[in-house]
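Number 73 in my numbering belongs to position 73 of the sequence shown; there are no gaps in the numbering.
Think of the CB as a built atom: it goes at the ideal place given N, C-alpha and C, for glycine as much as any other residue.
Quick caveat, the model's predicted, so the values are computed rather than measured.
Working notes, beginning with the structure itself.
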Amino acid sequence: MFIKRNESGEIVQVSREATDECKEFSPPCSPELQAFVGDDDEMKNQALSKSDLDFVRVLEDVIEVLMDKSVISFTDLPEPAQRKLMERQSLRQRLNSVGLMSDSDDDSGVI
Numbered sequence: 001m002f003i004k005r006n007e008s009g010e011i012v013q014v015s016r017e018a019t020d021e022c023k024e025f026s027p028p029c030s031p032e033l034q035a036f037v038g039d040d041d042e043m044k045n046q047a048l049s050k051s052d053l054d055f056v057r058v059l060e061d062v063i064e065v066l067m068d069k070s071v072i073s074f075t076d077l078p079e080p081a082q083r084k085l086m087e088r089q090s091l092r093q094r095l096n097s098v099g100l101m102s103d104s105d106d107d108s109g110v111i
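As structure tokens, this is what we get:
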């Protein structure tokens with residue numbers, strides 16, 4: 001791997017091939033390179049996890065709309081999905097009843 005460093009000597013860019021910017025060779029097993037690549041992967045994983053949590057709420061709302069419009073019925077869902085949906089609805093109701101969650105999409109009401 002070829003790397004580019006900033007003025008402080010920290011890795012700021014990586015390339016599989018030597019480029020005008022990435023001229024310094026670093027073995028792929030280098031702890032410094034692994035730390036740089038790992039941080040990037042961790043940030044991507046965190047972003048994906050946050051997106052997953054947000055998307056779960058979207059899916060839950062879509063299922064509720066479909067049931068309200070009688071497009072599907074609760075019993076059309078597989079039993080494990082029914083259980084999970086009931087658990088989430090129950091949890092959301094409990095949290096809302098004590099004012100810990102907001103029904104709005106922003107998190108201003110969440111503690």
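- For R5, there is no enclosing alpha helix (DSSP H); the enclosing beta strand (DSSP E) covers residues 2-5.
- Put simply, the stretch 42-55 does not touch the stretch 11-22. Fewer than three CB pairs are less than 8 Å apart.
- Contact annotation: I63 and L53 have beta-carbon atoms that are not nearer than 9 Å.
- Listed in chain order, the non-local C-beta contacts of P27 below 8 Å within the same chain comprise M1, L33, local neighbours out to five positions each way being set aside.
- When DSSP assignments are scanned along the stretch 49-99, the uninterrupted stretches of alpha helix (DSSP H) that are 4 or more residues long and fall wholly within it turn out to be 79-97.
- The closest CA to that of F25, considering only L59, G38, I3, E87, is found on I3.
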